[in-house]
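These protein sequences, in sequence, are chains A and B.
Positions 1 to 141 (the working numbering) are the ones given, in order, by the first sequence.
Positions 1001 to 1127 (the working numbering) are the ones given, in order, by the second sequence.
Cβ atoms here follow ideal geometry from the backbone N, Cα and C, with glycine treated the same way.
For clarity, every value in this text was computed on a predicted model and none was experimentally measured.
Written out below as structure tokens is the structure these notes cover.
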Amino acid sequence: MGYFGLSRMSIFVTGAEIAPKNFIINRELLVAYANASGDQNPIHQNEAFAQSVGLENVIAHGMLTMALVGRYVSEIAGSGAVKEFAARFVKPVVVPASTDVELLVSAKVLAIESNEMKIEITASCKGVKVLSMAKAVIAIR
Amino acid sequence: MLNPDIVGRTFTSANTFTVTKESIIEFCTAIGELDFTAAPPTYTIKISLAESEVLLKESGLNWDRVVHGDQKFELHQPIVGGDQILCSSTVESARIVAGNEIVTVRSDLYRSSEHVASSWATLVSRA
């Protein structure tokens, strides 16, 4: 198990903003995630197919967006300390060919109890929120 | 057509899913996670979505129009390489809202008798 940073945790107070982080999503990442997750739906790789089902272009797997946000939460929490993690997928992340799409993730502390901290997460692309009701519960040990 | 009788139905996979260290490294590498010691929080989607597919197909959702609506994870114990995970999925709800068919499946993951994680996937077939 990785180190759990209690000293880092102690700087958090209810209402505190947690430093934002940018993640890059591109076609190479969609292929790598498809292989790693087993989700080979062509809407995440094949532009012609994506357009044939009414999408403007290839879109990222919702679970890829959630996995990147999960990485953000894990970096706050420390390995193994994420107890709950939930999100609603409200807008697709469109990924044109040869383009790095930026996913901007930030969070705010909703509540701190004796053994856990609840955070609310914001994830957006080009100013458009792609997740809503994104929350995580992190154990404080 | 959505089949409302599907609510409450449970499907438990006949075989366990083997979590290999390599699959954790591959998943971590794809998302840029540097800590390979345990499965990242969303790794279990690899297990639960495949295992609940039987129920989702039975639910009558129009598969061509399905998008992922919501996802939730509760993580009780770290999942590591070598774990044998059994998945039991239950349809918690099936409803139609404004013509959209919405199904929520809960998946409980066990390592022997130990309950290691639960997840809830809500899939929406758009009108």
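The beta strand (DSSP E) enclosing residue i, as first and last residue numbers
i: Q1084 (chain B); result: 1084 to 1097
i: K223 (chain A); result: Residue 223 (chain A) lies beyond the range of chain A shown here (1 to 141); nothing can be said about it.
i: V1124 (chain B); result: 1114 to 1125
i: T1012 (chain B); result: 1010 to 1012
i: E1101 (chain B); result: 1100 to 1111
Per-residue DSSP class, three states only, for residue i
i: P1040 (chain B); result: coil
i: H44 (chain A); result: helix
i: F12 (chain A); result: coil
i: F4 (chain A); result: Note that F4 (chain A) scores a pLDDT of 45, beneath 50, so its modelled location is shaky; the value from the coordinates is reported in the next line. Coil.
i: P92 (chain A); result: coil
i: I24 (chain A); result: strand
Endpoints, alpha helix (DSSP H) assigned at residue i
i: G78 (chain A); result: Element bounds for G78 (chain A): n/a, residue is neither H nor E.
i: R27 (chain A); result: 27 to 37
i: S1048 (chain B); result: 1045 to 1051
i: I1025 (chain B); result: 1021 to 1031
Rounded distance between the beta-carbons of residue j and residue i, thought under 8 angstroms
i: E120 (chain A); j: N22 (chain A); result: Between N22 (chain A) and E120 (chain A) the Cβ distance is about 19 angstroms, and since that is not below 8 angstroms, they are no contact.
i: I1085 (chain B); j: R1111 (chain B); result: 6 angstroms
i: R88 (chain A); j: G1099 (chain B); result: Actually they do not touch by this definition, with Cβ atoms about 19 angstroms apart.
i: F1011 (chain B); j: V1054 (chain B); result: 5 angstroms
i: R67 (chain A); j: A139 (chain A); result: Here residue 67 (chain A) turns out to be Ala, not Arg, going by the sequence shown. Incorrect: roughly 20 angstroms between the Cβ atoms, too far for contact.
The ligand FAD heavy atom lying under 8 angstroms from the CB of residue i
i: A1039 (chain B); result: Ligands in the displayed structure: none, and consequently the ligand FAD is not present.
According to DSSP, residues forming a beta bridge with residue i
i: C125 (chain A); result: A:V128
i: A87 (chain A); result: B:Q1071
i: E120 (chain A); result: A:K108, A:K135
query: Which residues, in order along the segment 1021 to 1040 of chain B, keep a beta-carbon less than 8 angstroms from a beta-carbon of chain A?
result: Those would be S1023, E1026, F1027, T1029, A1030, I1031, G1032, E1033, D1035, T1037, A1038, P1040, in chain order.
Within 9 angstroms of chain A by C-beta, residues of the segment 1077 to 1103 of chain B in sequence order: Using a CB distance below 9 angstroms, the part of the segment 1077 to 1103 of chain B facing chain A consists of Q1077, P1078, ordered along the chain.
- request: Can you give me, in chain order, the residues of the segment 1040 to 1054 of chain B that have a beta carbon less than 9 angstroms from any beta carbon in chain A?
  value: Listed in sequence order: P1040, P1041, T1042, Y1043, I1045, K1046, L1049, A1050.
query: Between the segment 58 to 72 of chain A and chain B, which residues of the former have a C-beta closer than 9 angstroms to a C-beta of the latter?
result: Flagged, chain order: H61, G62, M63, L64, M66, A67, L68, V69, G70, R71.
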